[in-house]
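**Q** Residue numbers (this note's numbering): -10 to 250. Think of the CB as a built atom: it goes at the ideal place given N, C-alpha and C, for glycine as much as any other residue. Here the structure is a predicted model, which is why all the values come from computation and not from measurement.
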Ligand SMILES: Cc1cc2nc3c(=O)[nH]c(=O)nc-3n(C[C@H](O)[C@H](O)[C@H](O)COP(=O)(O)OP(=O)(O)OC[C@H]3O[C@@H](n4cnc5c(N)ncnc54)[C@H](O)[C@@H]3O)c2cc1C
Ligand code: FES
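Below, the structure is given as structure tokens:
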């Protein structure tokens, strides 16, 4: 892990409030692993704490982030331009051992909203697996739905959902996944899942995991964090084996271990 400065090489809006940003980094590109994230420092934009973003994909030595505008930092990032410099710290978080997914007959990626961000990088790594590959992706409306065409190219069968029914099935993506399990009479033990999205999505995915006795579910948490370096302890998540720091022992956790209050 290192703090470094790189210039933005691409920045464009891809959906409502959703932007794709790329920077060249010969340091990060060969080191980063799926599930890991970077901290972006924007003090010159009056943003005190760094902001974490998952590594979305890496092409050659260009690292891409996919982000949604929520507040001051993400708006400042969206307002930047090609050629401007970014102060970045990474790679952060524990590497996700994606090879552990190889022993399952079916691998499922589930992204809720901007939770699609880390799935392209992981999907690329999984593309060589012989397992059946499925992607479930949901958003509030069609305008916010990001379905990455590269995931189709990596061999993923894609299911989509929106809360208002403007694209794909109507409803939340975990319900769509659960209906698919029921309809296809899938044996849970043959399945492993990697999800990313809001806290409530993780909670309902855990219920589905337990109902269908799914082989394994990992979840990447995108909660608000502070230092990102294991110092403030403000990112603790309760698990069956005690509190764990999202920024150090996560952001990916075995979902069955997580305790929801
Ligand atoms: C490990 C990790 C990886 C992440 N990866 C990504 C990513 O790839 N793309 C991306 O867009 N975001 C990602 N996030 C979330 C991102 O860091 C926040 O959206 C960002 O810090 C918001 O900063 P802001 O100053 O724009 O908004 P703030 O001013 O901090 O917040 C504005 C409003 O949005 C709410 N909010 C902020 N973040 C979240 C959140 N994560 N979930 C729900 N509500 C929130 C706040 O409570 C507040 O009400 C990640 C978070 C973590 C911990
Ligand atoms: S964010 Fe400070 S310890 Fe994790």
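With hydrogens ignored, establish whether the beta-carbon of residue 214 is closer than 7 Å to any heavy atom of ligand 1.
**A** If you number the chain shown from 1, residue 214 lands on position 225. Yes, the beta carbon of residue 214 sits closer than 7 Å to at least one heavy atom of ligand 1.
**Q** With respect to the beta strand (DSSP E) encompassing residue 3, which residues constitute its N-terminal and C-terminal limits?
**A** One-based indexing of the chain shown puts residue 3 at position 14. Here the beta strand (DSSP E) through residue 3 covers -9 to 4.
**Q** Would the C-beta of residue 52 count as close to ligand 1, meaning under 7 Å from any of its heavy atoms?
**A** Here residue 52 refers to the residue found at position 63 when the chain shown is read from its first residue. Relative to ligand 1, residue 52 has its C-beta separated by 7 Å or more from all heavy atoms.
**Q** State the Cα-Cα distance for the pair residue 89 and residue 33, rounded to the nearest angstrom.
**A** Residue 89 sits at position 100 when you count from the first residue of the chain shown. Residue 33 sits at position 44 when you count from the first residue of the chain shown. The straight-line gap from Cα to Cα measures roughly 41 Å.
**Q** Exposed or buried, which one is residue 196 when buried takes at least 16 other CB atoms within 10 Å?
**A** Within the chain shown, residue 196 is the residue found at index 207, counting from 1. By the 10 Å Cβ count, residue 196 comes out exposed.
**Q** Who are the Cβ neighbours of residue 158 in its own chain at under 6 Å, not counting the five residues just before and after it?
**A** Your numbering for residue 158 matches position 169 in the chain shown. Closer than 6 Å at Cβ, skipping near neighbours: 150, 165.
**Q** Which parts of the region 54 to 104 are runs of the beta strand (DSSP E), unbroken and 3 residues or longer, counting only runs that do not cross its ends?
**A** 74 to 81, 95 to 101
**Q** If you draw a straight line from the alpha carbon of residue 83 to that of residue 72, how long is it in whole angstroms?
**A** The residue labelled residue 83 in the question sits at position 94 within the chain shown. The residue labelled residue 72 in the question sits at position 83 within the chain shown. Going by the C-alpha atoms only, they are around 30 Å apart.
**Q** Hey, would you say the C-beta of residue 121 is under 7 Å away from at least one heavy atom of ligand 1?
**A** The residue given as residue 121 occupies position 132 in the chain shown. The answer is no for residue 121.
**Q** Spatial neighbours of residue 91 within its chain, please: CB distance less than 6 Å, with the 5 preceding and 5 following residues excluded, ordered by chain position.
**A** Locating residue 91 in the chain shown gives position 102, counting from the first residue. Correct list, in chain order: 118.
**Q** Can you give the Cα-Cα distance for residue 194 and residue 163, rounded to whole angstroms?
**A** Mapped onto the chain shown, residue 194 falls at position 205. Mapped onto the chain shown, residue 163 falls at position 174. Looking at the two C-alpha atoms, the distance is approximately 6 Å.
**Q** With a Cβ-Cβ cutoff of 8 Å, do residue 60 and residue 25 count as a contact?
**A** Position 71 of the chain shown, counted from the start, is the residue given in the question as residue 60. Position 36 of the chain shown, counted from the start, is the residue given in the question as residue 25. Against a cut-off of 8 Å, the Cβ pair of residue 25 and residue 60 comes out as no contact.
**Q** Is any non-hydrogen atom of ligand 2 found closer than 7 Å to the C-beta of residue 217, if you look at the structure I gave you?
**A** Locating residue 217 in the chain shown gives position 228, counting from the first residue. Correct: residue 217 has its Cβ closer than 7 Å to ligand 2.
**Q** Quick one: residues in its chain with C-beta nearer than 8 Å to the C-beta of residue 219, no 5 flanking neighbours on either side, listed in chain order?
**A** Residue numbering aside, residue 219 sits at position 230 when the chain shown is read from its first letter. For residue 219, where only same-chain residues beyond five positions count, the Cβ hits under 8 Å are 234, 236, 237.
**Q** Return helix, strand or coil for residue 30, following the three-state DSSP convention.
**A** Along the chain shown, read from residue 1 onward, the residue named residue 30 stands at position 41. If DSSP states are grouped into helix, strand and coil, residue 30 belongs with the strands.
**Q** Which of helix, strand or coil does DSSP assign to residue 176?
**A** Here residue 176 refers to the residue found at position 187 when the chain shown is read from its first residue. The three-state reading of DSSP puts residue 176 in coil, since its state is none of H, G, I, E or B.
**Q** Check residue 224 in the structure and name its three-state DSSP category.
**A** To locate residue 224, count along the chain shown from 1; it is residue 235. Coil at residue 224, not helix or strand.
**Q** Closer than 7 Å to a non-hydrogen atom of ligand 1 - does that hold for the CB of residue 43?
**A** As a first step, residue 43 is located in the chain shown; it is residue number 54 there, counting from the start. For ligand 1, at least one heavy atom lies less than 7 Å from the Cβ of residue 43.
**Q** Bridge partners of residue 146, per DSSP?
**A** Along the chain shown, read from residue 1 onward, the residue named residue 146 stands at position 157. According to DSSP, residue 146 bridges with 123.
**Q** Is it true that the CB of residue 58 sits closer than 8 Å to the CB of residue 11?
**A** Along the chain shown, one-based indexing puts residue 11 at 22. Along the chain shown, one-based indexing puts residue 58 at 69. Cβ distance not < 8 Å, so residue 11 and residue 58 don't count as in contact.
**Q** Bridge partners for residue 181 per DSSP, in chain order?
**A** The residue labelled residue 181 in the question sits at position 192 within the chain shown. Looking at the DSSP assignment, residue 181 forms a beta bridge with 96, 205.
**Q** Is it a yes or a no for the region 35 to 55 touching the region 95 to 114, going by three-plus beta-carbon pairs under 8 Å?
**A** yes
**Q** Can you say whether residue 213 is buried or exposed, counting buried as having 16 or more other CB atoms within 10 angstroms of its CB?
**A** In the chain shown, residue 213 corresponds to position 224, counting from 1. Exposed.
**Q** Can you round the beta-carbon distance between residue 143 and residue 169 to whole angstroms, since I take them to be within the 8 Å contact cut?
**A** The sequence position of residue 143 within the chain shown is 154, counting from 1. The sequence position of residue 169 within the chain shown is 180, counting from 1. The pair is not a contact, with the Cβ atoms about 19 Å apart (cut-off 8 Å).
**Q** Given a cut-off of 8 Å on the beta-carbon distance, is the pair residue 66 and residue 38 in contact?
**A** By one-based count along the chain shown, residue 66 stands at place 77. By one-based count along the chain shown, residue 38 stands at place 49. No, the pair does not count as a contact, with Cβ atoms beyond the cut-off.
**Q** Just curious, the beta strand (DSSP E) that residue 48 is in, first and last residue?
**A** Residue 48 sits at position 59 when you count from the first residue of the chain shown. Here the beta strand (DSSP E) through residue 48 covers 46 to 48.
**Q** Please state whether DSSP places residue 167 in a helix, a strand or coil.
**A** Walking along the chain shown from the start, residue 167 turns up at place 178. Residue state, collapsed to three classes: helix.
**Q** Going by DSSP, what residue range makes up the beta strand (DSSP E) through residue 10?
**A** By 1-based counting over the chain shown, the position of residue 10 is 21. 7 to 13 is the extent of the beta strand (DSSP E) around residue 10.
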